[in-house]
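What follows is a short report on a single structure.
Protein chains in written order, with the working numbering: chain H, 642 to 1092; chain U, 642 to 1092.
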């Protein structure tokens, strides 16, 4: 298998029925199919037709818009990621299946097992987007009054990932024998306890599922805070991140890749894929119209709610056509710190009102918005890719299925023509398609006791 | 939809590659396909061809046979139930999909959400087998030294089921509007907090997925202890239970159905389906040979381990051709209490050695074994069904695929000919096929606050 290093990686980030906060109101969005598997199956097959590396699902454990009473204007129903990705594994053959799971409200044994199971089901196409959760609404669904502090969440996340990878190593690759004559189902000397005892977790192991095709499902992360960057440099294989400008993205790219050496990792072992919200038109005018159509569909309360959640500050009491109020110091924000900084800087830089700011971010939600003809979209991706800002992109279609169809039918052929993207899948697993090595089972180095 | 009350319900209990502890050594068992989705897909499609009500998956959170060093002779790898059932939902159309989930090592929010998601995916075919887990090996994978006491587990289970059903009710059936013009995605007055605050759980809600086709996925239980029977009478819709004799099964049937009235439920709202391990031959001699073949394939250590686990007593130090040692009092058993009693009584009654006892239970594992020609198998099912011992049966094929193929191809046609089993699916959902009512959303009675 040869990987052309000049080819970018692409993710299809599914938010059903689209990333724009008003996507469900778009005349062509299939909002009525939001709980229909056949619709999402069609989307996944489109992504596969486009040779995307992965289908990517975000996740959270609470409805949005309760506090501001905009729950009725917000899409608050969706499939749980494991059930959906497992179903999609049967109707696709090559595309990777990346699900988001929080380390704050789950147990390592369950998470290790579910991803191994999805990896077996899909023939080696599973990936785990590791998040730490950041809302009090989620905490209140899990016996807590408010969510853990940022440092505690990252401390727990570090140990969580460590336990999960130990469990994935608890069966050696060749542990299964299935020798009927000799009555040896497995080689018991190749199945190991993990005997983890840490601050957050005590897990004996081994896992009750054999090592999966990829060894470890691909590990994806999103955090861009200091703690997030360090965790990513140590453990992530894909970073899904949010940057508005080339300079910011370049600085982040150099920063994280530079941190990897001290963990014995080469820069190639991590693919940095910023999110991109593409507004595509056959002409520049059509692209502009598509953008305006979506902006006009944003209910005012829903826009304010979206912005409030993103900066962890309730804006419902302030004039919508006035500026942002004074915001708390960054240290006092116990939510997505990088997103807070990004939006505050954007509002300051361009002197935006609350309404202007929510219209600006209602689609991309802090990610980079690119707009224009298919050629212009391809140009903008190529610029970042060739200038040390990205190894690829996580594509966030404004509405579905149209936004994905347009990208696959209009933009991908241009990228392929320029030699910037694959025309066929070359690997058998997600790791191989991403150009990532299969992890060596390191338990012999770190686990002393076998069962 | 009309349900013929004279028709039994049937479950296909999948333990891959078969229920017998030596199933994987059977010459025709596809042991090498244990982690191959296409194999299990074929089994599910066979069950559907046979018009089974459900495919049933057991589950546990630890490997077996560690302590007795028989891990290499034991099948310790399998798919996680949600990933597998979701994948199966895409390759079947009518058969129900019942997964086992423990209330001891999970959170109600996740469980309510996953079952709602599976129910949406499958068009209303999901069922939850509620168990409380009973092994220290599982506890040690979840931060505990030993598992909760029996009473504590049931106390937690009662509250857990209560929270889950509240969450399933947190969206009214007609909450979704998806009115693009009016900017109303949902009717917010029909989405409710659950605000549960109990001894074990504090959960605000609502769920982040709309009410599913069945309202509640079908609730299945297995416990036959005093606490288990009471919980079942209050909340179960299907009971999967284990009895050896007609008299025991009749007594249990009358007991549990008799307890339902005080919870305002009619006996029809609960289907009692004992497990049955069918050893089928085209002749009586062939059936006997099939049984002997499996018995001879049991490795001695694996047999002792199986028995030790089932009675929660380590038998590895005792002569295998001698009797059971003195067993502890029932009150001191902190595992499956009903299974302990059943096996102790069986050994006493027939004066069995350890080897004889493990050979006897190595297939059915405490459930009823029936053996013979297809006619004789059908007779034995009919006897219990028509004499107040069962509403149907959970069929436990000795090995796969052959044990299931034989049941579907040889036994089901006889049951159908006698008018004891359906020839076509008549309902659209699992509830309809089982003859169970769709639950009324009772949140207005018990939840005061809307969001």
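C-beta atoms are modelled at their ideal positions from N, C-alpha and C, and glycine is treated no differently.
The model shown is predicted, which means the values in this text are computed figures rather than measured ones.
I want to verify the contact list: residues of chain U whose CB lies under 7 Å from the CB of residue i, in sequence order.
i                     : result
residue 657 (chain H) : Result: empty, since nearest Cβ-Cβ is about 12 Å, beyond 7 Å.
In whole angstroms, what separates the C-alpha of residue i from that of residue j?
i                      : j                      : result
residue 886 (chain U)  : residue 1029 (chain U) : 12 Å
residue 1010 (chain U) : residue 835 (chain H)  : 38 Å
residue 849 (chain H)  : residue 703 (chain U)  : 6 Å
residue 1089 (chain U) : residue 781 (chain H)  : With a pLDDT of 48 at residue 1089 (chain U), under the threshold of 50, the predicted position of this residue should be treated as unreliable, though the coordinate-derived value follows. Approximately 18 Å, taken between the alpha carbons.
residue 1080 (chain H) : residue 829 (chain H)  : 22 Å
residue 875 (chain U)  : residue 1034 (chain U) : 21 Å
residue 1091 (chain U) : residue 895 (chain U)  : Annotation note: pLDDT 47 at residue 1091 (chain U) (below 50); position unreliable, coordinate value reported separately. Approximately 41 Å, taken between the alpha carbons.
residue 710 (chain U)  : residue 837 (chain H)  : 21 Å
residue 649 (chain H)  : residue 1026 (chain H) : 7 Å
residue 933 (chain H)  : residue 914 (chain H)  : 27 Å
residue 999 (chain H)  : residue 739 (chain H)  : 28 Å
residue 691 (chain U)  : residue 684 (chain U)  : 11 Å
residue 1043 (chain H) : residue 761 (chain U)  : 24 Å
residue 743 (chain H)  : residue 1032 (chain H) : 25 Å
residue 1094 (chain U) : residue 1049 (chain H) : No statement about residue 1094 (chain U) is possible, as the shown extent of chain U runs from 642 to 1092 and does not include it.
residue 724 (chain U)  : residue 731 (chain H)  : 11 Å
residue 820 (chain H)  : residue 906 (chain H)  : 39 Å
residue 1007 (chain H) : residue 911 (chain H)  : 22 Å
Can you list the residues of chain H that residue i reaches, using a CB-CB cut of under 7 Å?
i                      : result
residue 973 (chain U)  : By Cβ distance, chain H contributes nothing, its closest Cβ being about 24 Å from residue 973 (chain U), past 7 Å.
residue 676 (chain U)  : 761 and 851
residue 1155 (chain U) : As displayed, chain U neither begins before 642 nor continues past 1092, which places residue 1155 (chain U) out of reach and without an answer.
residue 871 (chain U)  : In chain order: nothing, as chain H lies at least about 25 Å away.
residue 728 (chain U)  : 727, 728, 730, 731 and 762
Look up residue i in the DSSP assignment and give the residues it is bridged to.
i                      : result
residue 738 (chain H)  : H:696 and H:767
residue 1011 (chain U) : U:919
residue 985 (chain H)  : Partner(s): none; residue 985 (chain H) has no beta bridge.
residue 994 (chain H)  : H:964
residue 883 (chain U)  : Answer is none; residue 883 (chain U) lacks a bridge partner.
residue 825 (chain U)  : U:820
residue 772 (chain U)  : U:743
residue 624 (chain U)  : Beyond the ends of chain U as shown, which are 642 and 1092, falls residue 624 (chain U); an answer cannot be given.
residue 860 (chain H)  : H:769
residue 853 (chain U)  : U:856
residue 912 (chain U)  : U:879
Using a Cβ-Cβ cut-off of 6 Å (strictly less than) and excluding sequence neighbours within five positions of residue i, which residues of its own chain qualify?
i                      : result
residue 1064 (chain U) : 1057
residue 700 (chain U)  : 722 and 741
residue 882 (chain U)  : 865 and 915
Between which residues of its own chain and residue i is the CB-CB distance below 8 Å, once the five residues before and five after are set aside?
i                      : result
residue 1082 (chain H) : 810, 813, 814, 852 and 856
residue 1003 (chain H) : 661, 662, 663, 935, 936, 939, 944 and 947
residue 1084 (chain H) : 807, 810, 811, 813, 833 and 835
residue 754 (chain H)  : 808, 848, 849 and 850
residue 941 (chain U)  : 961 and 996
residue 1019 (chain U) : 1052, 1055, 1056, 1059 and 1061
Can you name, in chain order, every residue of its own chain whose Cβ lies under 7 Å from the Cβ of residue i, other than the five neighbours on each side?
i                      : result
residue 735 (chain H)  : 689 and 1066
residue 799 (chain H)  : 872
residue 718 (chain U)  : 675 and 676
residue 1137 (chain U) : Only positions 642 to 1092 of chain U appear in this structure, which leaves residue 1137 (chain U) out of reach.
residue 642 (chain U)  : Unreliable placement is indicated for residue 642 (chain U), whose pLDDT of 42 sits below 50; no coordinate value is reported for it.
residue 657 (chain U)  : 675, 681, 719 and 1041
By the criterion of Cβ-Cβ separation under 8 Å, what are the contact partners of residue i in chain H?
i                      : result
residue 712 (chain U)  : 827, 829, 832 and 1092
residue 720 (chain U)  : 758, 761, 762 and 850
residue 673 (chain U)  : 819
residue 940 (chain U)  : 824
residue 1082 (chain U) : Ordered by position in chain H, no residue passes the 8 Å Cβ test against residue 1082 (chain U), which lies about 16 Å from the chain.
Residues of chain U with CB closer than 9 Å to the CB of residue i, please, in chain order.
i                     : result
residue 793 (chain H) : Those do not exist, as residue 793 (chain H) stays about 16 Å from chain U at its closest Cβ, beyond 9 Å.
residue 701 (chain H) : 849
residue 802 (chain H) : Result: empty, since nearest Cβ-Cβ is about 17 Å, beyond 9 Å.
Please list the partners that residue i has in chain H, where partner means a Cβ-to-Cβ separation under 9 Å.
i                     : result
residue 746 (chain U) : 748, 750 and 751
Can you pull the chain U neighbours of residue i, defined as C-beta to C-beta under 8 Å?
i                     : result
residue 893 (chain H) : Correct list: empty, because the minimum Cβ distance to chain U is about 31 Å.
Cβ of residue i less than 8 Å from any chain C Cβ?
i                      : result
residue 1003 (chain U) : Of the chains in the structure shown, none is chain C; the protein chains are H and U.
Stretch pair the region 1041 to 1057 of chain U + the region 825 to 839 of chain U: three plus CB contacts closer than 8 Å: no
Inter-stretch contact at 8 Å, needing at least 3 Cβ pairs: the region 979 to 990 of chain U / the region 795 to 815 of chain U: With the cut-off at 8 Å, the region 979 to 990 of chain U and the region 795 to 815 of chain U do not touch.
At least 3 beta-carbon pairs within less than 8 Å: the region 957 to 970 of chain H vs the region 987 to 999 of chain H: yes
Stretch-stretch touch, CB-based, cutoff 8 Å, three pairs: the region 760 to 780 of chain U with the region 771 to 781 of chain H: no
Validate contact between the region 788 to 795 of chain U and the region 814 to 826 of chain U using beta carbons, cut 8 Å, 3 pairs: no
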